[in-house]
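Here the sequence shown is numbered in this note's numbering, starting from 521 and rising by one per residue.
Remarks on the structure that follows.
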Amino acid sequence: MNGSQLPVAAMEAGSPLRASLRVALLQVGLSAVALTGFEIALFLDAGSGPVAALVAYSLTGAGFVAAGMVAWWRRPSGRIGALLSLCGTAVLASAAGNVADPVLAVVGTVLAQLPIGVLLHLLLAFPSGRLPDRRSRLLAVAGYVVTLALPIPAYMFGPLPGVPPVLVVADRPDLVSLFARIATVAGFVVVPLCALVLLQRLRAADRPQRRVLAAVSAYGIFTILFLTGSAIVARLTGIDPLTQFVVQMVVLAGVPVAFLGGLLRGGFARTAEIEELGAWLGATEGGRPELRDAVAATLGDPSLELLFWLPREHRWADADGVSALLPDPGGPRAAVEVATATGTVGAIVHDAVLLPDAELVRAAGRVVALAMERDRLTAELLAGRAALRRSRARIVESGDRERRRLARDLHDGLQARLVVLALRAGRLAAGTAPPLAEQAEAVRADAEAAIAELRGLVHGIMPDLLVQRGLPAAAQELADRLPLPSTLSLPGDDRRWPATVETAGWFTLAEGVANAVKHSGARKLWLTVGHTDDVLTVEVRDDGAGGAHLDGGGLRGIADRVEAVGGRLHLDSTPGGGTRLRAELPCVS
521 MNGSQLPVAA MEAGSPLRAS LRVALLQVGL SAVALTGFEI ALFLDAGSGP VAALVAYSLT
581 GAGFVAAGMV AWWRRPSGRI GALLSLCGTA VLASAAGNVA DPVLAVVGTV LAQLPIGVLL
641 HLLLAFPSGR LPDRRSRLLA VAGYVVTLAL PIPAYMFGPL PGVPPVLVVA DRPDLVSLFA
701 RIATVAGFVV VPLCALVLLQ RLRAADRPQR RVLAAVSAYG IFTILFLTGS AIVARLTGID
761 PLTQFVVQMV VLAGVPVAFL GGLLRGGFAR TAEIEELGAW LGATEGGRPE LRDAVAATLG
821 DPSLELLFWL PREHRWADAD GVSALLPDPG GPRAAVEVAT ATGTVGAIVH DAVLLPDAEL
881 VRAAGRVVAL AMERDRLTAE LLAGRAALRR SRARIVESGD RERRRLARDL HDGLQARLVV
941 LALRAGRLAA GTAPPLAEQA EAVRADAEAA IAELRGLVHG IMPDLLVQRG LPAAAQELAD
1001 RLPLPSTLSL PGDDRRWPAT VETAGWFTLA EGVANAVKHS GARKLWLTVG HTDDVLTVEV
1061 RDDGAGGAHL DGGGLRGIAD RVEAVGGRLH LDSTPGGGTR LRAELPCVS
């Protein structure tokens, strides 16, 4: 993974947070470009001194700002980008001491050593940009005192070459000498103490981080020592000032490269990404990507999965509540459990080859533990809903199966016996004397009436056409029996769907038709049976009075039946605008 993609992914393209950050960085960049251009113009206009070297000085400061903007963009929650930009601004400000303008020369003189103080702060705050402990904070303050406060006597109690005398308040070379010695001693105390703190931090780091921390710290300490001691070395070796200045700029220009490279490409890259993940989780309220996607982007494993522990059911489940298993130890996939103070909440399942460092995954787990606890509760709720839905589906399926059995028994048993009885009574009526014939005819008529009632009962329980030929045929029969004009739309094939789905579709049609005929005052009906992408849709529409609702009666029962098979029932019944009842039923061919 090329650096962290999380901040960019977490802050949606149109989010206020990202827009604000973009505007802020644009302002910083434009200000740095303007200041750099202004300084270079002044250097070129002066036409004296090592103009090329002075231009390089300004460009070095701009390089710090550019590196800071990149770090700021890639690590919005960290402060290292702001510190790099501050160091670049300090370099640009100190370069102003070389221009002819008296005001800028004063600014440059006062801030001449500030870049060293900011660089010391950078070293102590790497990689997060935050000073981690009291020792680091004291050393950072001491660094600013040495670079900002202790040089004051040098330009207030004795004129400096090339600096306007506006800053001089008294000619006291003794104070200049005294504070120069104090500054030297303080510098020789602060820098070694800083190196000691960095060494202790180095010992506590893991191996990948240790390599980066050692390189960045060593280069930073070397740069501070070189910038402060190069004048002494130049006097001892006879190096001319221009060469000394050029070498200083080369060494200084490597600082932003070292810091930015260590932050984004070295052993701290993943750690910083995890810090970004935590900051993002704490700051984002909505519109963020799924937690799994954020963790996968942070750790660089697109195959990463989040599983959740459901203690009541004593099983693992995915975000939808579907049962899952942890991978076996030693396999291509590995799992790291995530826990809070209340116990295990989930596990991060990852590619063991792509992410061999289990401790890194645990660190990410500690960051997202509370978010996973929230998602675990959601998964538990979804699992409960799924179990309830399966239970309801089993009840509906069992009821439908009993309906079909009862309808078949009535059709093949009682109805068949009544038909035989009617036939026998008819034959008896035709071959006997009138009194007995009249009684036999009455028996036949009663038997045929009972058969008709029984057929209606069987049809209400489970239409034979629905069982034998499917929903389209049953819908056609329903439309043919309607007392109102109707239009029926059916699929163009003889496709069949699962019995529970067809039954739910049939009862939706029947209930919609019954409501339209009995209550709506409709003049015409439209019936539709269709399917797309393994979803069966049935719809009844009328031009009646509307005003139907799902709160009770038959429609509530239809809604329960549709939901029990995983479907959705939609009712649109505006008063005076007719009624549209539509069921969407998931099914497999």
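Every residue gets a Cβ at the ideal spot worked out from N, C-alpha and C, and that includes glycine.
Quick caveat: nothing in here was measured; it's all calculated off a predicted structure.
| Asked | Found |
| --- | --- |
| CB of Gly841 within 9 Å of CB of Leu830, strictly | yes |
| Whole-angstrom distance between Val888 and Leu1089, CA atom to CA atom | 38 Å |
| 9 Å Cβ cutoff met for Ala1024 and Gly1087 | yes |
| Residue ranges of each beta strand (DSSP E) within the segment 605-642, 3 or longer | none |
| First and last residue of the uninterrupted beta strand (DSSP E) at Ser1009 | Ser1006 to Ser1009 |
| CB contact below 9 Å: Arg731 versus chain C | This model lacks chain C altogether, as it is built from one protein chain only. |
| Residues that DSSP places opposite Ile868 in a beta bridge | Leu826 and Val856 |
| Proximity below 9 Å, CB of Leu819 to CB of Ala891 | no |
| Counterpart residues of Arg1090 in DSSP-defined beta bridges | The question names Arg, but residue 1090 in the sequence shown is His. Its beta-bridge partners are Arg1102. |
| Local Cβ density within 10 Å of Gln633, reported as buried at 16 or more and exposed below that | buried |
| Whole-angstrom distance between Leu1002 and Gly806, CA atom to CA atom | Below a pLDDT of 50, predicted positions are generally treated as unreliable, and Gly806, at 44, falls in that range; the measurement from the model is reported next regardless. Going by the C-alpha atoms only, they are around 51 Å apart. |
| Contact under 9 Å by Cβ, Ala854 with Leu875 | yes |
| Status (buried if at least 16 other CB within 10 Å, exposed otherwise) for Thr1094 | exposed |
| The segment 635-650 in contact with the segment 671-678 per 3-pair CB rule at 8 Å | no |
| Sub-9 Å separation of Gly649 and Ile600 beta-carbons | yes |
| Nonlocal neighbours in the same chain, by C-beta distance under 7 Å from Leu631, ignoring five residues either side | Ala610, Ala613 and Ser614 |
| Reduced DSSP secondary structure (H/G/I, E/B, other) of Asp838 | coil |
| Those runs of the alpha helix (DSSP H) which lie wholly inside the segment 1033-1085 and span at least 4 residues | 1073-1084 |
| Beta-carbon proximity of Gly866 to Val858, cut-off 9 Å | yes |
| Closest residue to Trp593 among His1039, Thr757, Leu780 and Val767 (Cα-Cα distance) | Leu780 |
| Distance between Val1055 and Pro1005 (C-alpha atoms, nearest Å) | 28 Å |
| Stretch-stretch touch, CB-based, cutoff 8 Å, three pairs: the segment 1059-1067 with the segment 1096-1108 | yes |
| Per-residue burial, Ala530 [other beta carbons within 10 Å of its own, 16 or more giving buried] | Residue placement at Ala530 cannot be trusted, given a pLDDT of 44 that sits under 50; what the coordinates show is reported in the next sentence. The residue in question, Ala530, is buried, as its Cβ has 16 or more Cβ neighbours within 10 Å. |
| Given Ala1042 as reference, the closest of Arg835, Thr1048 and Val1033 once Cα atoms are compared | Val1033 |
| Reduced DSSP secondary structure (H/G/I, E/B, other) of Ser578 | helix |
| Asp821 vs Asp877 beta-carbon contact at 9 Å | no |
| Test item: CB-CB of Phe742 and Tyr577 under 9 Å | no |
| Residues sharing a beta bridge with Ser843, DSSP | Ala837 |
| Neighbour-count burial assignment, Gln1112, 16 or more Cβ in a 10 Å radius | Nothing in the structure corresponds to residue 1112, since the chain is present only between 521 and 1109. |
| Euclidean distance between Cα positions of Leu1047 and Ser843 | 40 Å |
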